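First up is the structure itself, then whatever we jot down about it.
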Amino acid sequence: MNEKIATGVVVRAFGNLIHVKFEGDIRQGEVAMVKVGEVELKAEVIEIVGGEAKLQVFEDTRGVRLGTQVEFSSLLLEAELGPGLLTSIIDGLQNPLEEVAQATGLFLTRGTYLPPLDYGRKWDFQPTAKVQDTLRRGDSVGFTMEGR
């Protein structure tokens, strides 16, 4: 995919709310990364007015200044669901805190984001739906045991 990523710069900041003048196409709910030195802070676009967007930054904004670079991901903020989530201890951004502690120590380091699920682990999936079944919203397609 050769999609151009939208970028911008901070033009106003107050606490964890920043205003960004941007170029390109963005949308409400989109994830953006605010570049503070070598650290990238995750943020969400909460409002767009003309060529300026308001972003909520999910971490300490120390170091964010006028002109700080912002890169928009084109991805919406979302929760990832799957086997292993129920037995995990996660923060509000779905960082698995036990893995974060192994990677960075007992205190969460700014700009640390780890996948919420263990993609290498195999789960025994028991299908309840068959090929050619007609399914409606909310119907189960199968299950897997977690925590046993």
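In this text, residue positions in the sequence shown follow the numbering used here: the first is 438, and each later residue adds one. The beta-carbon is built from N, C-alpha and C at its ideal position, and this holds for glycine as well. In this text the structure is predicted, and so the values were computed from the model without any measurement.
Task: As assigned by DSSP and simplified to three states, the class of Glu467 - done: strand
- [ ] Would you please state the rounded distance, in angstroms, between the beta carbons of Thr444 and Val471? I believe it to be under 8 Å.
- [x] Not confirmed; about 11 Å, so no contact.
Open item on the list: For Glu496, count the other beta carbons within 10 Å of its own beta carbon; 16 or more makes it buried, fewer makes it exposed. Which is it?
Closed with: Around the C-beta of Glu496, 16 or more other C-beta atoms lie within 10 Å, and the residue is accordingly described as buried.
TODO: Determine, using beta-carbon pairs with one atom in the region 483-496 and one in the region 442-457, whether at least three such pairs fall under 8 Å.
DONE: yes
Task: Residue environment, Val512, which counts as buried when at least 16 other CB atoms sit within 10 Å - done: Per the sequence presented here, residue 512 reads as Leu, with Val not at that position. With fewer than 16 Cβ atoms within 10 Å of its Cβ, Leu512 is classed as exposed.
TODO: Reducing DSSP to helix, strand and coil, say where Ile455 ends up.
DONE: strand
Open item on the list: Rounded to whole angstroms, what is the Cα-Cα separation between Pro533 and Gly466?
Closed with: 22 Å
Open item on the list: Please report the distance separating the alpha-carbon of Arg464 from that of Gly529.
Closed with: 22 Å
Open item on the list: What does DSSP give as the partner residue(s) for Leu492 in the beta ladder?
Closed with: Ile455 and Val482
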